[in-house]
Amino acid sequence: MNVEKGYVEAPVESSLDLKEEIKKLKKEKNAVILAHYYQKGEIQDIADYIGDSLALAQIASTLENPIIVLCGVHFMGETAKILCPDKKVLVPDMSAGCSLADSCDADEFESFLKDYPNHVVISYVNTSARVKALTDIVVTSSNAKKIVESLPEDTKIVFGPDRNLGNYINSITGRNMVLWNGACHVHEQFSVEKIVELKKQYPQAKVLAHPECKKTVLILADVVGSTAALLKYAIESDEKQFIVATESGILHEMQKKCPDKEFIAAPAIDSTCGCNDCNFMKLNTLEKLYNALKYEQPEISVDAEIAAKAVLPIRRMLEMSK
Ligand code: 13P
Ligand code: SF4
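Numbering follows our numbering, in which position 131 of the sequence shown is assigned residue number 132; successive positions increment by one, without gaps.
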C-alpha cells in the first residue's frame with residue numbers, strides 16, 4: 002500500500018459494491034463521513050453530513066466518532082483536526098488543495114502583517130493552519146458579515162486572503178478593511194457576458210452568486226451568499242429557475258432538494274474548460290474514500306505548536322457564529 006500520490010493506491014475489486022462496502026467499514030470503525038457541497042454527487046449521497054465550510058467545522062467540533070473522513074479539501078481536514086486533535090482525520094486525497102489558500106503564503110502574510118500593527122487579523126477559513134495561527138478571528142462566507150459587524154466601527158482590520166469576499170464585505174458593511182490580494186481560480190472565472198446572455202434566455206431566473214466571485218459578477222446577482230445560503234434561498238424561494246455562479250457541485254443538492262426547479266450552472270469565461278468545477282474538490286472519489294476508510298490513511302497531521310495557536314481563532318469564530 003502506497004500513499005505517495007496523496008491517496009491510498011491499493012487495488013479495489015471491480016465487483017465490489019463500493020457504497021455498501023463504505024457503509025460497512027464506517028459502521029465497523031465507528032467512522033463518520035463529512036462532505037462539502039462541492040464534492041461529487043455520489044460522495045455527497047453517501048456522507049453522514051453535507052454542508053458548507055462553516056457547517057463542516059461546526060459539526061466536526063461536536064462529533065464523538067474516533068475517525069472523521071473529511072471529503073473536501075486539505076484546509077477543511079486541517080480545520081477538523083485542529084478542532085479534534087485526538088481524532089483520526091482522513092482526507093481521501095490529500096493532494097486536494099485550494100488555490101485560494103495557496104494564494105496566501107504564511108511567511109509572506111506574516112511580513113505583510115508587520116505593516117499593519119494594531120489591526121485585528123481576520124482570515125477566511127480557506128487558509129493553511131500556519132496562516133490561521135497568525136489570525137485573530139477566522140470567518141467563512143456564511144458568517145463574515147456578522148463577525149465583521151460585531152467589531153466596533155473604528156476597528157482596524159486586515160482581511161485575507163480573498164480579495165473578492167473582502168471587497169464585498171467592505172461594500173455591505175461600510176468598513177475599509179485592508180485586503181490581502183488572493184482569489185479562487187474557480188470563482189474568478191465566471192463570465193459576465195455569458196451570465197448576461199443567460200439572463201436574456203431565462204428572464205425569470207434569479208442569479209445566485211458566491212461572494213468569492215468578482216465584483217462584476219456580484220453586481221448581476223440577485224442573491225450573494227455562501228453555498229449553504231444559496232441552497233437555502235433556492236429551497237425557500239417561489240422562483241423556478243436559477244443561474245448559479247459557484248462551483249457546480251452545489252447543483253447536486255439543489256436539484257435533489259428542489260426537483261421541480263431548474264438550476265443552470267453559470268459558465269466560465271472559457272466554457273470548454275469545465276472551470277466551474279474545482280479540480281481539487283473533484284480529486285476525491287468513492288474508490289479513494291473506500292481505501293481511506295479501509296487503511297485509515299492518508300491522515301491529516303498538524304504541528305502541535307501551530308495547532309495550539311490556530312485553534313483559538315477557529316473557536317472564536319464558532320463562538321461568534323452562535
Ligand atoms: P462555503 O464557505 O460557502 O462552503 O464555500 C467555500 C469554498 O469555496 C469552499 O471551497
Ligand atoms: Fe479553494 Fe476555490 Fe476550490 Fe473552494 S472552489 S476549494 S476556494 S479552489
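Every residue, glycine too, gets a C-beta built ideally from N, C-alpha and C.
Practice task
Would you list the residues whose beta-carbon is nearer than 7 Å to any heavy atom of ligand 2, in the order they occur in the chain?
Solution key: Chain-ordered list of matching residues: Tyr39, Val74, Cys99, Ser100, Leu101, Ala102, Asn127, Cys185, His186, Val187, His188, Glu213, Glu248, Cys279, Phe281, Met282.
Exercise for the section: Pull up the DSSP beta-bridge partners for Cys85, would you. Expected result: Partner(s): none; Cys85 has no beta bridge.
Exercise for the section: For Ala229, I'd like the list of residues in its chain whose CB is within less than 8 Å of its CB, leaving aside the five on either flank, ordered along the chain. Expected result: So the qualifying residues of the chain are Tyr38, Gly52, Asp53, Leu55, Ala56, Ser143.
Exercise for the section: Say yes only if the C-beta of Leu55 is nearer than 7 Å to one or more non-hydrogen atoms of ligand 1, and no if none qualify. Expected result: Leu55 Cβ: within cutoff of ligand 1.
Problem - Spatial neighbours of His186 in its chain, beta-carbon cut-off 7 Å, leaving aside the 5 residues before and after - result: Only Ser100 meet the Cβ criterion.
Practice task
Please confirm whether any heavy atom of ligand 1 lies closer than 7 Å to the CB of Thr217.
Solution key: With a threshold of 7 Å, the Cβ atom of Thr217 does not count as near ligand 1, since no heavy atom of the ligand is closer than that.
Problem - Cβ separation of Cys85 and Ile68, assumed to be a contact under 8 Å, to the nearest whole Å - result: Actually they are not in contact, since the Cβ atoms of Cys85 and Ile68 sit about 10 Å apart, beyond 8 Å.
Handout entry: Span separating the alpha-carbon of Glu297 from that of Tyr50
Key = Roughly 19 Å between the two C-alpha positions.
Practice task
Could you pull out every residue in the same chain whose Cβ sits closer than 6 Å to the Cβ of Ser96, ignoring the five residues on either side in sequence?
Solution key: For Ser96, where only same-chain residues beyond five positions count, the Cβ hits under 6 Å are Gly7.
Practice task
Please classify Ile220: does DSSP put it in a helix, a strand, or coil?
Solution key: Under the three-state reduction of DSSP output, Ile220 falls in the coil class, being neither helix nor strand.
Exercise for the section: Going by DSSP, name the residue or residues bridged to Glu263. Expected result: For Glu263, DSSP records a beta bridge to Gln242.
Problem - Any non-hydrogen atom of ligand 1 closer than 7 Å to Ser142 Cβ - result: Result yes, Cβ under 7 Å from ligand 1.
Problem - His37 - containing beta strand (DSSP E), residue span - result: First-last of the beta strand (DSSP E) with His37: 32-37.
Exercise for the section: Check whether the Cβ atoms of Ser124 and Gly161 sit closer than 8 Å, and answer yes or no. Expected result: The beta carbons of Ser124 and Gly161 sit closer together than 8 Å.
Practice task
Kindly examine ligand 1 and report whether one of its heavy atoms sits closer than 7 Å to the Cβ of His253.
Solution key: Not so, every heavy atom of ligand 1 lies at least 7 Å from the Cβ.
Practice task
Identify the continuous alpha helix (DSSP H) that holds Leu57 and give its terminal residues.
Solution key: Leu57 -> alpha helix (DSSP H) spans 54-61.
Handout entry: Of the listed residues Asp87, His120, Lys89, Thr136, nearest to Asp108 (C-alpha basis)
Key = Distances from the CA of Asp108 to each of Asp87, His120, Lys89, Thr136 were compared; the closest alpha carbon is that of Thr136.
Practice task
Following the continuous alpha helix (DSSP H) through Ala269, name the residue where it begins and the one where it ends.
Solution key: Per DSSP, Ala269 is not a residue of any alpha helix (DSSP H), being assigned neither H nor E.
Practice task
Could you tell me if the beta carbon of Thr228 falls within a distance shorter than 7 Å of some heavy atom in ligand 1?
Solution key: Yes; taking the cut-off as 7 Å, the Cβ of Thr228 has a heavy atom of ligand 1 nearer than that.
Problem - beta-carbon Tyr120 near ligand 1 non-hydrogen atom, thresh 7 Å - result: The question names Tyr, but residue 120 in the sequence shown is His. No; taking the cut-off as 7 Å, the Cβ of His120 has no heavy atom of ligand 1 nearer than that.
Handout entry: Residue range of the alpha helix (DSSP H) that includes Val159
Key = Counting along the chain, Val159 sits inside no alpha helix (DSSP H); it lies in the beta strand (DSSP E) bounded by residues 158-161.
Exercise for the section: Could you please give me the residues that DSSP links to Glu300 through a beta bridge? Expected result: Looking at the DSSP output, Glu300 shares a beta bridge with Leu91.
Handout entry: Status (buried if at least 16 other CB within 10 Å, exposed otherwise) for Tyr117
Key = Flag for Tyr117 reads exposed.
Practice task
Can you have a look at Asp94 and say buried or exposed, based on whether 16 or more other CB atoms are within 10 angstroms of its CB?
Solution key: Burial call: buried.
Practice task
Taking 8 Å as the threshold, find out whether the segment 16-23 comes into contact with the segment 285-301 through three or more Cβ pairs.
Solution key: Taking 8 Å as the limit for Cβ pairs, the verdict is that the segment 285-301 does touch the segment 16-23.
Problem - Segment limits, alpha helix (DSSP H) that includes Tyr169 - result: First-last of the alpha helix (DSSP H) with Tyr169: 164-174.
Practice task
Check each candidate in Lys28, Asp163, Lys82 and name the one with the smallest Cα separation from Asp304.
Solution key: Checking every option, the nearest Cα to that of Asp304 belongs to Lys82.
Practice task
Kindly indicate which residue of Pro212, Ala311, Gln205 has the alpha-carbon position closest to the one of Glu240.
Solution key: Here the closest residue by C-alpha is Gln205.
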